[in-house]
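In what follows, a structure is listed as structure tokens, so that the remarks can point back to it.
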Amino acid sequence: MAHKPHRTDELQHASFLLILALVSLMMAVIVWPFATALLWAALAAIMFQPLYRWMLRKMRGRRNPAAISALLVIFFAVLVPGLWLATLVVQEALALVAALQAQPLDLAATFDTYYGILPQPVQEAIDRSGWADMSSIQTKLQELLAASAGMLASQAVSIGSGALSFLLSFAVGLYVMFFLLRDGERIGRTLLNTVPVERAIAERLAERFLGIVRATIKGSGVVGLVQGVLAGISYLIVGLESALFFGVLTTVFALVPVIGAGAVYIPVGLWLLLTGAMWQGVFVLVVGVVIISSADNVLRPILVGRDTGIPDWIILVTTLGGISLLGFSGIVLGPLVAGLFLASWSILQEYREEDARAGEAAHRITVDASGRAPDTGAG
35 MAHKPHRTDE LQHASFLLIL ALVSLMMAVI VWPFATALLW AALAAIMFQP LYRWMLRKMR
95 GRRNPAAISA LLVIFFAVLV PGLWLATLVV QEALALVAAL QAQPLDLAAT FDTYYGILPQ
155 PVQEAIDRSG WADMSSIQTK LQELLAASAG MLASQAVSIG SGALSFLLSF AVGLYVMFFL
215 LRDGERIGRT LLNTVPVERA IAERLAERFL GIVRATIKGS GVVGLVQGVL AGISYLIVGL
275 ESALFFGVLT TVFALVPVIG AGAVYIPVGL WLLLTGAMWQ GVFVLVVGVV IISSADNVLR
335 PILVGRDTGI PDWIILVTTL GGISLLGFSG IVLGPLVAGL FLASWSILQE YREEDARAGE
395 AAHRITVDAS GRAPDTGAG
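In terms of my numbering, the sequence shown opens at residue 35 and continues consecutively.
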């Protein structure tokens, strides 16, 4: 009978945890339609927190006007230009696909032009590889263009039919961002106090998380944007059609580790060479190798200061996995999850090492106090 209250307390505690888990799951299901908007609102609030603090100093501690001012700067300096740029890119992509369908690339004629000037051993190697059959490649390219046109058209229809949903998510994101800018620090402290993890561990995770966000967005995002701008300028200089589209495409690939911006500017440069635009192709390739590829090595240490400690192959796998699950948001969310995963395990390892050192220190104190090793019962 003496143990009944104790068992009742355990049952009540377990029931409460079950209710808490169910309510949290229901909450996650309800807000899931706005998950992407909430994610970007939280990341933007973290990145633009220095802007809010600057506004707060200028407005002498008035939090609401400071948050509204910071939000207006973000809206007109980042979001509006981004939406305008996205519209132009979609228009250029549709125009490019339509032009390629109307005037198909004559790969056979281009191939024959360069095939005839190649040495005999190279021609034989090409014949053995099967690349000499340009007709099948031409057919596959036309099928790819038709599929691309259909995909772009379906996406355009989907965007048009989902305009209300997009505007609602956009408005929710802005609304949440206002409160995260204004109350982000207080919300963070509340979460640290509430999360059922030892306070020291929670603080370490929060510190690592902020560092990973900074490295992922401020590092990879800004570096990718700079590389895309440099590539877009080189495309404009050589007169490449749809230069804006290819510049944005370079930015997107620059965000993916290992693959990088070279996945776009190298094929563009080689294609210019194959179509007879010799100096244009050489210019794009030289700018890509000398300037665009060097931007990462120069800018990342300045922006980030130090490496996040995440191996490139893990970033690549998590980025591609994030894209497959969440679309464009996966470019950011994938490395964040990888960083938190590695940080959690590294913190666990640090705590085990600290416990081991503490145990060794306690053992030495016991030995010093007794003047001899404690009896282990052996022998």
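Heads up, the beta-carbon is just placed ideally off N, CA and C, and yes, glycines get one too.
Note on Phe279: 16 or more other CB atoms within 10 angstroms of its CB, so buried under the neighbour-count rule.
Within the region 329–396, complete alpha helix (DSSP H) segments of at least 4 residues are found at 346–360, given in chain order. Here the alpha carbons of Leu130 and Tyr299 stand approximately 17 Å from one another.
DSSP places Phe280 in the helix class (H, G or I) of the three-state scheme.
Ile271 sits away from Phe204, with the two beta carbons spaced by 8 Å or more.
For Glu241, the enclosing alpha helix (DSSP H) has its first and last residue at Arg233 to Val247. With contacts defined by Cβ atoms closer than 8 Å, Leu226 and Glu237 form a contacting pair.
Contact annotation: Ser363 and Leu73 have beta-carbon atoms nearer than 8 Å. Closest in alpha carbon position to Phe287, among Leu259, Thr309, Glu275 and Gln314, is Leu259. Between Ala265 and Ala295, the C-beta gap is smaller than 8 Å, which places the two residues in contact. Ser58 has its alpha-carbon roughly 25 Å from the corresponding atom of Leu376.
In the structure shown, Phe204 adopts helical secondary structure according to DSSP, grouped into three states. Note on geometry: alpha-carbon atoms of Ile246 and Asp346 lie some 14 Å from one another. For Ile293, the three-state secondary structure derived from DSSP is coil. DSSP places Thr70 in the uninterrupted alpha helix (DSSP H) bounded by Ala69 to Met81. In its chain, beyond the 5 residues on either side, Met89 have a beta carbon closer than 6 Å to the beta carbon of Ser103. Proximity to Gly361 across Thr42, Gln83 and Ala69 peaks at Ala69, based on C-alpha coordinates. Distance between Arg94 and Val206, taken at the CA atoms: about 28 Å.
Just so you know, the alpha carbons of Leu374 and Arg391 end up roughly 25 Å apart.
Its Cα nearest to that of Arg96, the residue Leu215 stands out among Ala78, Ala76, Ala133 and Leu215. For Pro99, the enclosing alpha helix (DSSP H) begins and ends at Arg97 to Ile108. Secondary structure of Val256 (DSSP, three-state): helix.
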